[in-house]
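Take the sequence shown: its letters are residues 63 to 490, numbered as in this note's numbering.
Below is one structure, written out as structure tokens; comments come after it.
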Amino acid sequence: MAKNTLTITDNRNGATYEVPIQNDTVRAMDLRQIKEHSDDFGMMSYDPAFKNTASTTSRITLIDGARGVLQYRGYSIEELAAKSSFLEVAHLLISGELPNTDELGEFQHQITHHTMVHENIREFIDAFRYDAHPMGILVSTVAALSTFYPDAKEVSDPASRRLQMHRLIAKMPTLAAYAYRHRRGLPYIYPDNDLSYAGNLLNMLFKMTEVRYEPNPTVAKALDVLFILHADHEQNCSTSSMRAVGSSRADPFSATAAACAALYGPLHGGANEAVVRMLAEIGSVSNIPSYLERVKQGEVRLMGFGHRVYKNYDPRAKVIKSLAYDVFSELGQNPLIDIAVELEGKALDDPYFAERKLYPNVDFYSGLIYQSMNLPMDIFPVLFAIGRTPGWLAQWEEMLTDAEQKIARPRQVYVGKRDRSYVPIDQR
Ligand code: CMC
63 MAKNTLTITD NRNGATYEVP IQNDTVRAMD LRQIKEHSDD FGMMSYDPAF KNTASTTSRI
123 TLIDGARGVL QYRGYSIEEL AAKSSFLEVA HLLISGELPN TDELGEFQHQ ITHHTMVHEN
183 IREFIDAFRY DAHPMGILVS TVAALSTFYP DAKEVSDPAS RRLQMHRLIA KMPTLAAYAY
243 RHRRGLPYIY PDNDLSYAGN LLNMLFKMTE VRYEPNPTVA KALDVLFILH ADHEQNCSTS
303 SMRAVGSSRA DPFSATAAAC AALYGPLHGG ANEAVVRMLA EIGSVSNIPS YLERVKQGEV
363 RLMGFGHRVY KNYDPRAKVI KSLAYDVFSE LGQNPLIDIA VELEGKALDD PYFAERKLYP
423 NVDFYSGLIY QSMNLPMDIF PVLFAIGRTP GWLAQWEEML TDAEQKIARP RQVYVGKRDR
483 SYVPIDQR
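Written as structure tokens, this is what we have:
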């Protein structure tokens, strides 16, 4: 009968080892027994950028990259985007189940109850330069929140963890809107807790002199769907940062600030901003072939294309593409959409992209929607961060409550110089 094990032969000395296979993986620690000499450290696996290493088991998000499937807690992203709300999805991610009516009411109450931030945070944001990138402001203010909530250090206390999760999900839109208003030199708008989660964000971003801001329902709905689509994506760069920082038992505000910092980069959450800049640089459909040539020569990357896990169409990109047309029908067409659609078509027909299995990802169309909402490009990654917060928090708690997890501490293979004699400065 077939055995669920892997037999390894070390050709240096002919020794063989049998290691268990579980979930199609072998444990890297099982390699440690493989030694050429008895006093060797033992073998490790080498995997720069963790391209083929699972760092955890998880019950939160499933991605089947070959088939283009994404599920949160077993529910398909397409169905959640069509039928659910962002707060229901946030509840699903952090609690494991979709809420019933009472549970959703209570969760909504908790979130709206915590939307305000301390006035000192307002003053803190005032200290940033007028043109500070909102993502830089977000990273700093989320970290600063840890100083307002010293109880957040109680990471072993489930009730404290839940309270901090509510605070973070509730306050991210407030911080995002303050960062945006600071950049525009506009007064900060306090949360309106009678509005929906996305509607309140629009209120804090766009309210001017009107007594009560009425969010456009199509725009609020589109923003809510975008948050759902961004809510989790298993062990990506920012989530791995959240888990790594949280593994030292740092409080969740500090860990979320680290996750925001990781998201800031153009290869991750900064890609939505980079896509719009790229489409504007291409400027017209007639320039697409020469731009694709530059991509193929390795001069530039096609932003919003490619993914470490998806080797098929990113299912989020499909939903976002159709959402874009809903928003455009309400707010007017974004002229860059024609370039985006043509660019996508040309790239998908090109062997360079086909061979490398490069498809549009979540960021390819999302920036165009944000731009149609009159949002400046540098706020786009901040919106990504708002959506991703429940996912980061769910993953953080899963890590803390996983008996197998310890402080994150990868190994290295040292290939530098050794045992050098120190040379005094006047002899160098
Ligand atoms: N444009 C052109 N070529 C690309 C691209 C791209 N966007 N992405 C990958 N390639 C090529 C790459 O040059 C390499 O080719 P070769 O085998 O000839 O060297 C091959 O495809 C494999 O790429 P890789 O860099 O090994 O793949 P990776 O898994 O390390 O990178 C990625 C994944 C998302 C960082 C990358 O595809 C990329 O830079 N995309 C553009 C940025 C982007 O859209 N990021 C958003 C990702 S989705 C949302 C999120 O997670 O934040």
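In this text, a Cβ means the ideal position worked out from N, Cα and C, and glycines have one as well.
Predicted, not measured: the structure shown is a model, and the values here were computed from it.
With respect to P452, I231 sits close: the two C-beta atoms are nearer than 7 Å. A residue is called buried once 16 or more other Cβ atoms fall within 10 Å of its Cβ, and G478, having fewer, is exposed. Taken through DSSP and simplified to helix, strand or coil, Q133 comes out as strand.
Secondary structure at T463: coil, using DSSP grouped into helix, strand and coil. The closest CA to that of S147, considering only S300, A293 and L93, is found on A293. Taking C-beta separations shorter than 7 Å and ignoring five residues to either side along the sequence, the partners of K383 in its chain run Y427, following chain order. When DSSP reads this structure, P422 sits in a beta bridge with F367. DSSP places D213 within a helical segment (H, G or I) once states are collapsed to three. For the set R135, A409 and Y211, the Cα lying nearest the Cα of E296 is the one of R135. Rounded to the nearest angstrom, the Cβ distance from A205 to A319 is 4 Å, consistent with a contact under 8 Å. Taking C-beta atoms as the reference points, R356 and V347 fail to come closer than 7 Å. Shortest gap from the CB of H369 to any heavy atom of the ligand CMC: under 6 Å. Listed in chain order, the alpha helix (DSSP H) runs fully inside the region 137–186 are 139–145, 148–157 and 163–175, counting runs of at least 4 residues. Judged by the Cβ position, R450 fails to qualify as a neighbour of the ligand CMC at the 6 Å threshold, every heavy atom of the ligand being at least this far. For the options D219, R480, A465 and W454, the alpha carbon positioned closest to that of H153 is the one of W454. Following the DSSP letters along the chain, one finds L398 inside the alpha helix (DSSP H) bounded by residues L398 to L410. Per DSSP, reduced to three states, the secondary structure at V362 is coil, with no helix or strand assignment. Set against 6 Å, the gap from the CB of V357 to the closest heavy atom of the ligand CMC is smaller. The three-state secondary structure of Q297, taken from DSSP, is coil.
For the region 305–378, the continuous alpha helix (DSSP H) assignments of 4+ residues that do not extend past its boundaries occur at 314–325, 333–344 and 350–358, in sequence order. In chain order, P328, G429, M439, D440, F442 and P443 place their CB closer than 8 Å to the CB of E335, counting only its own chain and leaving out the 5 sequence neighbours on each side. Bounds of the alpha helix (DSSP H) holding Y240 are P220 to R246.
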